[in-house]
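Right, one structure below, let's go through it.
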Amino acid sequence: MGDIKELKQVEQYANQCMKCGFCSFFCPVYQEERVETSVARGKNYLAKLIIKGEQGFTPEMAEIIGKCLLCKRCAANCPAKTQIDRVVVAARADMVREKGLGFIKGFVFRKAMANRSAMGRYARLMQTFQWLLPKTAGNVRHLPDFIKSMGRRNFPELSRTFLRDRVKSVYSPSGKPQMKVGFFMGCAIDFVYPDLGFKIIDFLVRRGVEVVVPKEQNCCGAAVYFSGDFETGRRLAEANIKAFHDVDYIVSACGTCSSTLKDYQKYLPDNDDMQKRYSAFGEKVKDATEFVIDVLKVDPSTLKLKREFEGKTVTWHDPCHLVRYQNIKDQPRAILKGFKGITYAEMPNADLCCGMGGSFSVYHYDLTKKIAAKKMDGIRATGADIVVTACPGCMINLIDNILHNGMPQKVHHLLELAE
Ligand code: SF4
Ligand code: SF4
60 MGDIKELKQV
70 EQYANQCMKC
80 GFCSFFCPVY
90 QEERVETSVA
100 RGKNYLAKLI
110 IKGEQGFTPE
120 MAEIIGKCLL
130 CKRCAANCPA
140 KTQIDRVVVA
150 ARADMVREKG
160 LGFIKGFVFR
170 KAMANRSAMG
180 RYARLMQTFQ
190 WLLPKTAGNV
200 RHLPDFIKSM
210 GRRNFPELSR
220 TFLRDRVKSV
230 YSPSGKPQMK
240 VGFFMGCAID
250 FVYPDLGFKI
260 IDFLVRRGVE
270 VVVPKEQNCC
280 GAAVYFSGDF
290 ETGRRLAEAN
300 IKAFHDVDYI
310 VSACGTCSST
320 LKDYQKYLPD
330 NDDMQKRYSA
340 FGEKVKDATE
350 FVIDVLKVDP
360 STLKLKREFE
370 GKTVTWHDPC
380 HLVRYQNIKD
390 QPRAILKGFK
400 GITYAEMPNA
410 DLCCGMGGSF
420 SVYHYDLTKK
430 IAAKKMDGIR
440 ATGADIVVTA
450 CPGCMINLID
460 NILHNGMPQK
470 VHHLLELAE
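Numbered as in the working numbering, the sequence shown ends at 478 without a single skipped number.
Rendered as structure tokens:
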């Protein structure tokens, strides 16, 4: 059995568990599977066995450790305040150190995602050949039916032109800038939703902010280090810290990216120096929704609604990485309620995970669909025309499940609604 390093550093969280089972009422995976290893209590127990050397990283254990959305619903409702995300991610990291990443993840994380220009080339190649995939509707395509193992999955097309290829390095406001902000693109906005990136840059510049978009920035690393590849995660963290060294704030319009950038200090440091640098970097990071309300102090009632949304009923989905990782829930609602011309309808269980969970949805797509079915019930109950959120990952999963369920709703990023 290999050397257990990361799990030992978070052992206190596993030890805090008092086995009350309260988490089982909140865990979306447990609610579907009803097996003890799905829920935080079972995972904490197994983590302690691994630390003691009584349990190895067997294929069964890999399956158990992988089957967690990292949604933190258990942690948010745990009376002992255990942090299962820390325990699960540490277990994945120790497993990767002992067993390696495997060919596909190794290639994707270390050859593609860790190298921004290589990632751009692979994305360009995929964009060129995506016409081979059948269209579902509009600019959404799906996997062909013969790839049964992956399901008939719908996803938005890659953009014809990527944000990185069109964006300038600096955008200056007309007067003296009140601050300098680095815009963090993130992979989804770069490759799928570049117009959203331009929209946010424009929104900030019109409010007196100088926006810089460093070309050296890289992927935030969420998929990488949440899968346990801390080595590549640290490379990505260093690249981003270097790219954004001279700005007042770093703003991202993706809830997962903003949370991931803030949390380098929580998961990745290997020594005090790293801890200090990751913490200093994380303090500058703001999600776009919190930046608009808490830093720019925009009065939501002054926001102008884009004409195409006038008269619509709109509901809000809380991304896990916004509501539980960053405690951001009031700011997006304040923005939405400020728009004149829409009706806001609060969704029942708005903070329920949509089932995406990054690579969770790749390996457990059937489970993702079952978890998403509850989210679809919530959306239906609102009678909304539009589902709004602030995480492109959630947007992709919501679009997939809305189409699968034959529902009429359109999905948008919150800031797309603003003129
Ligand atoms: S709610 Fe917390 S303390 Fe209770 S069993 Fe779950 S993880 Fe343990
Ligand atoms: S993080 Fe989410 S999926 Fe994982 S154990 Fe907790 S509630 Fe379940």
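Even glycine gets a Cβ: it sits at the ideal position worked out from N, Cα and C.
Setting aside the 5 residues that flank it on each side, F85 is surrounded in the same chain by R132, C133 and N136, each with a C-beta closer than 6 Å to its C-beta; the list follows chain order.
By the C-beta criterion, the segment 151-164 is judged to be in contact with the segment 280-293, since at least 3 inter-stretch pairs fall below 8 Å.
Collapsing the DSSP output to three states places P378 in coil.
Under a 10 Å Cβ-count criterion, I259 is classified as buried, with 16 or more other Cβ atoms of the shown protein chains found around its own Cβ. Within the DSSP secondary-structure output, T448 pairs in a beta bridge with H472. Contact annotation, P215 with I455: C-beta distance approximately 6 Å; criterion of less than 8 Å satisfied. Counting C-beta pairs closer than 8 Å gives fewer than three between the segment 289-303 and the segment 369-382, which falls short of the contact rule. With a cut-off of 8 Å on Cβ pairs, the segment 236-251 is in contact with the segment 259-270, counting three or more such pairs. S218 and C313 have their C-alpha atoms spaced approximately 17 Å apart. For G80, the distance from the CB to the nearest heavy atom of ligand 1 is below 7 Å. F340 is the residue among V357, I394, F340 and K388 whose C-alpha sits nearest the C-alpha of A298. In the displayed model, E478 falls within coil according to three-state DSSP, outside both helix and strand.
Contact between the segment 446-453 and the segment 321-331 is absent, with fewer than three C-beta pairs closer than 8 Å.
With the criterion CB distance below 7 Å from any heavy atom of ligand 2, the matching residues run C82, F85, C86, P87, V88, Y89, S97, V98, A99, K102, C127, L128, L129, C130, K131, R132, C133, A134, I143, D144, V147 and C412 along the chain. Across the structure, L476 and G280 are spaced so that their CA atoms are roughly 28 Å apart. Straight-line measurement puts the Cα of A99 at about 12 Å from the Cα of P138.
Assignment of beta-bridge partners to E269 by DSSP yields K239. If you draw a straight line from the Cα of A432 to the Cα of N460, it is about 8 Å long. Residue environment for A173: buried (at least 16 other C-beta atoms within 10 angstroms of its C-beta). Straight through space, the alpha carbons of S83 and Q90 are spaced by roughly 7 Å. Residue environment for N103: buried (at least 16 other C-beta atoms within 10 angstroms of its C-beta). Sixteen is the threshold: when 16 or more other Cβ atoms of the shown chains lie within 10 Å of the Cβ of M244, as they do, the residue is buried. With distances taken between CA atoms, S418 lies nearest to I163 out of G159, C76, I163 and A302. For G414, same chain residues with a beta-carbon under 8 Å away, outside a window of 5 residues either side, are P87, L128, S420, L426, T427, K428, K429, I430, A431, K434, N456 and N460 in chain order.
When only Cα atoms are considered, E367 and K469 end up about 12 Å apart.
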